[in-house]
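A quick write-up on the structure given underneath.
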């Protein structure tokens, strides 16, 4: 009998979208390891390692550091579902799509939401947060550290942490795109709860959401007056599962846990500083290379994320057909954009395993070819030359 | 530099607990395939295949057939979160721990919950459901098809479906342990929403939850008067992601999706009837083998699940130390029990890839040795003989 669905055979792509990125092959290999039961001592030891590694990567001593068994969005929802009680005031610092998601989540869980906003492509001034809290205190300030939708990096995190503490607000930070790529200093910044994803700079396939929270956040979770609505995202229960108590909750995704362990292990083995430098350099090479080709970058030039580069689509180049040609002919994925930026920018990710010169050179050469094929004028060879220069390679 | 966390090296276990089971090696291999972006045409084609395969395995024509990006519990929560509005009446048919979970979930989402119950180890009489609905109509009847906690199979599903339709209630069925192991006839039974897991008879690692629902359930979801609270479990959004519309939601767990596709593909390739027969036979061999050894089985003998065998722990054998010896010395995991059954029964899973004679023989011989080591009297060799006989093997 011939099965109607053929053997799985996905093409090999260079994933330079907004995530997932190509995982380190060692991560995929780890995911193929023999499955263990969730209460097997050999598996609970692995859980403990994942917690330890998570603390190193989040730069935190928080005992409550463990992943949610869902994607990055699940981590954000676990935070909001567990911290927000109906009627609580939540201040969202919103300058992009993931700020919008915080607004949506907080409203769904019954919060009274205030927002401080900046145009997409700009960042939030800490003074906006301070002013807003002075006018209307909030229990929670939710903020996106790296706004994938615009390519912007929120600076002055320590200052924002200080403001939140002064106004007795919990600081909840989405570090989905930044963790493992640039400094995420949970303890030093006074982040009360940080959440991330696996499929960006952490370098694992999508499917888990590393989370960390401190005693202030834990206190807010366990001293709620109203019950947590979600069971799956109930941090009060999950923290007892991820502890020597081993409270039975869901069946942890074994293979994803293996992958996350390996990805975090590789980050620690590489060294955080080295990894940040690698992401910084690749982002610089790509941005300077694009500019050398004559392509404009999007957004506030002082606060660009190294791992997501937002480029203006040259005039006359169609968004969908352009990306399709990159994908079909060069095997390279770049990301479209959301809302007001759709059709105006492409977002190019250089994350985790892909944060290296060869990625930049493949992207620049392919872009040059594809943009020209649609009639755009781009300087020939200039991008590659500039990127190689930034990597200290000889011109000839 | 020596990393402080060593290379991943989990031991090889025979997983005969309540799940996860050992996945088919082809599933783990599929999970190591190159990662694709979620809007890559090569990936959306895979999503479509997963939906088609899901319909075949759920025996349903429901267009809305797709997995939730979380474990089996996430599927149950997505169902309840999306169907239940505050104040809605939910009737839970409860005779075990997963019935309790339905009660918990429905209450969390604001339902007025009624229950019809049976003692753990028994099943629900459809007349109980009919009586309860006659007294107090309900919007939803939630029922566990296979109660993993007790090893019981709920019979008369068609009758229950008929009763629910007569009383205009939506029938929501947890088929986490049964899907892929025994008939789950969603359309023929009139199940309005069925949810499952990947790590039991489907034979994939834990981490996704196949779901299917019909037009009645969809109508209830899209015509709600109050918004769905959870974003991650918002089926009204997720069904637009899992459709040609491709509404952007979370980043689908690529590798888990590959694993689920392969697991479903292997089920269809084997043939549902052949797979059910395989599970039936292995369950029979294990149960008869245990009885031949002099071990008592737990619960209603007329309604035992083939894939989960609940055995009474022989007197004098300690629950934890007994299971630990099985695990450490024989590499075999069996499951403890919950609540009133803890310390009284062990649950032995023979699911998916493990549903074959060699599993039974390894379990029976190991059990014989371990139970004896704790001083229990069990008949020597009798279990193996009986199991081999059921598989038609010659006695000598």
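Residue numbers (the numbering used here), protein chains in the order written: chain C, 1 to 396; chain V, 397 to 792. From the three backbone atoms N, C-alpha and C, an ideal C-beta is built for every residue, glycine too.
Residues sharing a beta bridge with residue i, DSSP
i, result
"residue 725(V)", "Answer is none; residue 725(V) lacks a bridge partner."
"residue 462(V)", "607(V)"
"residue 518(V)", "516(V)"
"residue 347(C)", "310(C), 335(C)"
"residue 678(V)", "Note: residue 678(V) sits in no beta bridge, so no partner."
"residue 174(C)", "144(C), 195(C)"
"residue 508(V)", "485(V)"
"residue 264(C)", "According to DSSP, residue 264(C) bridges with nothing at all."
"residue 293(C)", "Bridge partners of residue 293(C): none, in fact."
"residue 548(V)", "543(V), 700(V)"
"residue 490(V)", "513(V)"
Exposed unless 16 or more other CB atoms sit within 10 angstroms - verdict on residue i
i, result
"residue 327(C)", "buried"
"residue 692(V)", "exposed"
"residue 463(V)", "buried"
"residue 615(V)", "exposed"
"residue 473(V)", "buried"
"residue 397(V)", "Reliability of the predicted coordinates at residue 397(V) is poor, the pLDDT of 43 falling under 50, and no value is obtained from them."
"residue 790(V)", "exposed"
"residue 287(C)", "buried"
"residue 13(C)", "buried"
"residue 564(V)", "exposed"
"residue 200(C)", "buried"
"residue 136(C)", "exposed"
"residue 24(C)", "buried"
"residue 622(V)", "exposed"
"residue 424(V)", "buried"
"residue 764(V)", "buried"
"residue 451(V)", "buried"
"residue 306(C)", "buried"
"residue 670(V)", "exposed"
"residue 166(C)", "exposed"
"residue 222(C)", "exposed"
"residue 9(C)", "exposed"
"residue 134(C)", "exposed"
"residue 748(V)", "buried"
Closer than 9 angstroms at the beta carbon, the chain C residues around residue i
i, result
"residue 625(V)", "81, 108, 109, 110, 229, 230"
"residue 632(V)", "Ordered by position in chain C, no residue passes the 9 angstroms Cβ test against residue 632(V), which lies about 12 angstroms from the chain."
Residue i: first and last residue of the uninterrupted alpha helix (DSSP H) it sits in
i, result
"residue 591(V)", "From DSSP, residue 591(V) is part of no alpha helix (DSSP H) but of the beta strand (DSSP E) over 589-591."
"residue 201(C)", "Residue 201(C) -> no alpha helix (DSSP H), and no H or E assigned at all."
"residue 559(V)", "553-562"
"residue 47(C)", "41-58"
"residue 762(V)", "753-769"
"residue 80(C)", "72-83"
"residue 241(C)", "235-241"
"residue 35(C)", "Here residue 35(C) belongs to no alpha helix (DSSP H), and DSSP marks it neither H nor E."
"residue 27(C)", "25-31"
Neighbour list for residue i in chain V, Cβ cutoff strictly below 7 angstroms
i, result
"residue 12(C)", "430"
"residue 261(C)", "404"
"residue 71(C)", "465, 646, 647, 649"
"residue 105(C)", "627"
"residue 144(C)", "Those within 7 angstroms of residue 144(C) in chain V number zero; the least Cβ separation is about 15 angstroms."
Under 7 angstroms from the C-beta of residue i: neighbouring residues of chain C
i, result
"residue 413(V)", "37"
"residue 754(V)", "Going along chain C, no residue has its Cβ under 7 angstroms from residue 754(V), so there is no contact; the nearest lies around 17 angstroms."
"residue 602(V)", "251, 252, 253, 254"
"residue 416(V)", "35, 37, 251, 254"
"residue 551(V)", "Near residue 551(V) there are no residues of chain C at all, since even the closest Cβ is about 26 angstroms away, more than 7 angstroms."
"residue 438(V)", "10, 11"
Near the ligand SAH: residue i beta-carbon under 7 angstroms from a heavy atom
i, result
"residue 301(C)", "Only the bare structure without any ligand can be found here, which leaves the ligand SAH out of the picture."
Nearest-angstrom beta carbon gap, residue j and residue i [assumed within contact, 8 angstroms]
i, j, result
"residue 626(V)", "residue 720(V)", "With 8 angstroms as the limit, residue 626(V) and residue 720(V) do not qualify as a contact, their Cβ atoms being about 38 angstroms apart."
"residue 745(V)", "residue 731(V)", "7 angstroms"
"residue 384(C)", "residue 357(C)", "Their Cβ separation, rounded to whole angstroms, is 10 angstroms, which puts residue 384(C) and residue 357(C) out of contact at 8 angstroms."
"residue 22(C)", "residue 431(V)", "6 angstroms"
"residue 663(V)", "residue 453(V)", "5 angstroms"
Beta strand (DSSP E) segment containing residue i, residue limits
i, result
"residue 378(C)", "Careful: residue 378(C) lies outside any beta strand (DSSP E) and carries neither H nor E."
"residue 14(C)", "14-16"
Beta-carbon neighbours of residue i, restricted to chain V and to distances below 9 angstroms
i, result
"residue 28(C)", "427, 428, 429, 430, 431, 651"
Chain V residues whose Cβ lies nearer than 8 angstroms to that of residue i
i, result
"residue 258(C)", "404, 406"
Proximal residues of chain C, C-beta to C-beta of residue i below 8 angstroms
i, result
"residue 543(V)", "Correct list: empty, because the minimum Cβ distance to chain C is about 15 angstroms."
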